[in-house]
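Novice: Before we start, here is the structure in question, set down as structure tokens.
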Amino acid sequence: MFDTLKKLFYPIIAILDFITKYFKTIVFLTIIYFVVSSSNDTTSGNGLEQANLQKIELFGPIMSIEKVMEQIDEAKRDSNIKGVLLDVNSPGGAVAPSVELSHAIKELSYVKPVVAYASGVMASGSYYASIWANKIVANPGAMIGSIGVIFQGTNLEELMDKIGVKTQTIKAGKYKESGTPTRAWSEPEKQELEKVINDTYKMFVSDVANARKLKVQDHTKFADAHIFTSSQAKEVGLVDDVATLTYAKNLIIKLSKVDKPSWKKEDKFDKFLDRVISEAVTNFSVMFNSTLKAY
Numbered sequence: 001m002f003d004t005l006k007k008l009f010y011p012i013i014a015i016l017d018f019i020t021k022y023f024k025t026i027v028f029l030t031i032i033y034f035v036v037s038s039s040n041d042t043t044s045g046n047g048l049e050q051a052n053l054q055k056i057e058l059f060g061p062i063m064s065i066e067k068v069m070e071q072i073d074e075a076k077r078d079s080n081i082k083g084v085l086l087d088v089n090s091p092g093g094a095v096a097p098s099v100e101l102s103h104a105i106k107e108l109s110y111v112k113p114v115v116a117y118a119s120g121v122m123a124s125g126s127y128y129a130s131i132w133a134n135k136i137v138a139n140p141g142a143m144i145g146s147i148g149v150i151f152q153g154t155n156l157e158e159l160m161d162k163i164g165v166k167t168q169t170i171k172a173g174k175y176k177e178s179g180t181p182t183r184a185w186s187e188p189e190k191q192e193l194e195k196v197i198n199d200t201y202k203m204f205v206s207d208v209a210n211a212r213k214l215k216v217q218d219h220t221k222f223a224d225a226h227i228f229t230s231s232q233a234k235e236v237g238l239v240d241d242v243a244t245l246t247y248a249k250n251l252i253i254k255l256s257k258v259d260k261p262s263w264k265k266e267d268k269f270d271k272f273l274d275r276v277i278s279e280a281v282t283n284f285s286v287m288f289n290s291t292l293k294a295y
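When we follow the UniProt record's numbering, the leftmost residue of the sequence shown carries the number 1, and every step to the right adds one.
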């Protein structure tokens with residue numbers, strides 16, 4: 001019984017362990033950061049030269065996009081920024097934020113050029129987010145694609161029987177319990193979920209086809225959740241070039257038509273915190289994968 005309860009509450013225990021482990025590190029690095037930040041401000045960067053290019057990172061699972069959306073909005077409103085490099089290394093994520101990012105990049109590309117660079121993984125929702133960039137460049141070792149939609153759920157019925165837990169449900173609406181983890185799904189419930197998944201997939205394919213000038217009827221070639229190497233992705237039209245980060249930077253410089261490229265400085269401590277949070281989200285998404293609706 002103890003082992004069963006331990007397994008059941010493992011996700012909560014893991015979260016507390018993670019917070020305890022990294023809290024001390026964050027406090028320590030915060031102290032170091034404030035000690036050295038003043039000297040860094042005077043010795044790094046481009047001096048008084050005005051930044052005219054900006055790099056925005058999309059790393060880790062797409063769950064919370066507030067920070068990235070703020071950066072996109074700032075880049076759009078800043079008249080000094082002439083071009084944006086979107087550095088992507090993400091397996092995808094939830095549907096709504098992926099679509100939100102896609103439209104934000106689309107609006108940004110109307111104002112100034114955007115180059116999306118696949119530095120590691122540009123798949124599923126993160127590929128959706130990148131489709132409206134003026135150009136998509138993929139690292140030779142990157143993985144691209146996985147254009148598809150998935151909904152997963154657990155069936156905890158046997159576990160609940162073993163530990164003596166039962167649910168009580170009052171509902172209005174035939175499909176209100178669709179996706180419940182307390183029992184196997186009925187065929188009508190599966191069909192209801194499939195209806196949602198299929199329609200979302202149709203939207204995904206349609207947007208990719210429009211953005212990349214592909215034919216929807218060819219979706220089994222470029223979509224259908226295929227996973228491509230960079231060169232394969234170029235063959236089916238999902239990326240424009242297979243090259244390094246240096247190439248992507250030079251490309252956005254060319255498209256932006258800036259004479260003296262100057263990149264907007266990133267706050268290294270903020271970047272560190274973002275990476276820690278991203279890692280936490282990754283770990284939690286693995287633990288709670290069965291409850292996520294994701295690309």
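The beta-carbon is built from N, C-alpha and C at its ideal position, and this holds for glycine as well. Keep in mind the model is a prediction, meaning the values are calculated, not measured.
Who are the near neighbours of P91 in its chain, counting only those whose CB is closer than 6 Å to its CB and skipping five residues on each side?
Specialist: Locating residue 91 in the sequence shown gives position 91, where the first residue counts as 1. Once the five neighbours on either side are set aside, the close Cβ partners of P91 are V121, A123.
Novice: Residue range of the beta strand (DSSP E) that E66 falls in?
Specialist: Position 66 of the sequence shown, counting from 1, holds the residue named residue 66. Where E66 is concerned, there is no enclosing beta strand (DSSP E), although the alpha helix (DSSP H) it sits in stretches over 66 to 77.
Novice: To the nearest angstrom, how far is the alpha carbon of residue 334 from that of V196?
Specialist: As displayed, the chain neither begins before 1 nor continues past 295, which places residue 334 out of reach and without an answer.
Novice: Leaving out five residues before and five after A225 in sequence, what residues of the same chain have Cβ atoms less than 7 Å from its Cβ?
Specialist: Locating residue 225 in the sequence shown gives position 225, counting from the first residue. Counting only Cβ-Cβ distances below 7 Å, and skipping sequence neighbours, we find S146, I147, G148.
Novice: Which ranges does the beta strand (DSSP E) cover as unbroken runs of at least 3 residues, wholly within the UniProt domain "Peptidase S49" (109 to 258), from first to last along the chain?
Specialist: 114 to 123, 135 to 138, 143 to 145, 227 to 229
Novice: When you compare only the Cα positions, how much space is there between T180 and E266?
Specialist: As a working mapping, residue 180 is identified with position 180 in the sequence shown. As a working mapping, residue 266 is identified with position 266 in the sequence shown. Distance between the alpha carbons of T180 and E266: 43 Å.
Novice: Starting from residue 322, follow the beta strand (DSSP E) in both directions and report where the run begins and ends.
Specialist: In the structure as shown, the chain begins at 1 and stops at 295. Residue 322 is therefore absent and cannot be evaluated.
Novice: Do G93 and P61 have their CB atoms nearer than 8 Å?
Specialist: On the sequence shown, position 93 is the one that residue 93 refers to. On the sequence shown, position 61 is the one that residue 61 refers to. Yes, they are a contact pair.
Novice: Could you check what DSSP says for K55 in three-state terms: helix, strand or coil?
Specialist: The residue labelled residue 55 in the question sits at position 55 within the sequence shown. Three-state result, K55: strand.
Novice: Could you check the C-alpha separation between T182 and Q152 for me, to the nearest Å?
Specialist: Within the sequence shown, numbered from 1, the residue matching residue 182 stands at position 182. Within the sequence shown, numbered from 1, the residue matching residue 152 stands at position 152. Approximately 14 Å, taken between the alpha carbons.
Novice: Answer yes or no: do N80 and A51 have a C-beta to C-beta separation smaller than 8 Å?
Specialist: For the purposes of this step, residue 80 is identified with residue 80 of the sequence shown, where counting begins at 1. For the purposes of this step, residue 51 is identified with residue 51 of the sequence shown, where counting begins at 1. Cβ atoms of N80 and A51: closer than 8 Å.
Novice: Excluding the 5 residues preceding and the 5 following P261 in the sequence, name in chain order all residues of the same chain whose CB lies nearer than 6 Å to its CB.
Specialist: Here the question's residue 261 lines up with position 261 in the sequence shown. Same-chain partners within the cutoff: L53, I253.
Novice: From this set, S64, D87, A104, which residue's C-alpha is nearest R77's C-alpha?
Specialist: Position 77 of the sequence shown, counting from 1, holds the residue named residue 77. Among S64, D87, A104, the Cα nearest to that of R77 belongs to A104.
Novice: Could you tell me which residues DSSP puts in a beta bridge with G93?
Specialist: Within the sequence shown, residue 93 is the residue found at index 93, counting from 1. In the DSSP output, where bridge partners are listed per residue, G93 has I62.
Novice: Give me the Cβ distance between T244 and N155, rounded to the nearest whole Å; I'm assuming they're in contact under 8 Å.
Specialist: Stepping through the sequence shown from its first residue, residue 244 is reached at position 244. Stepping through the sequence shown from its first residue, residue 155 is reached at position 155. T244 to N155, Cβ: 46 Å. No contact.
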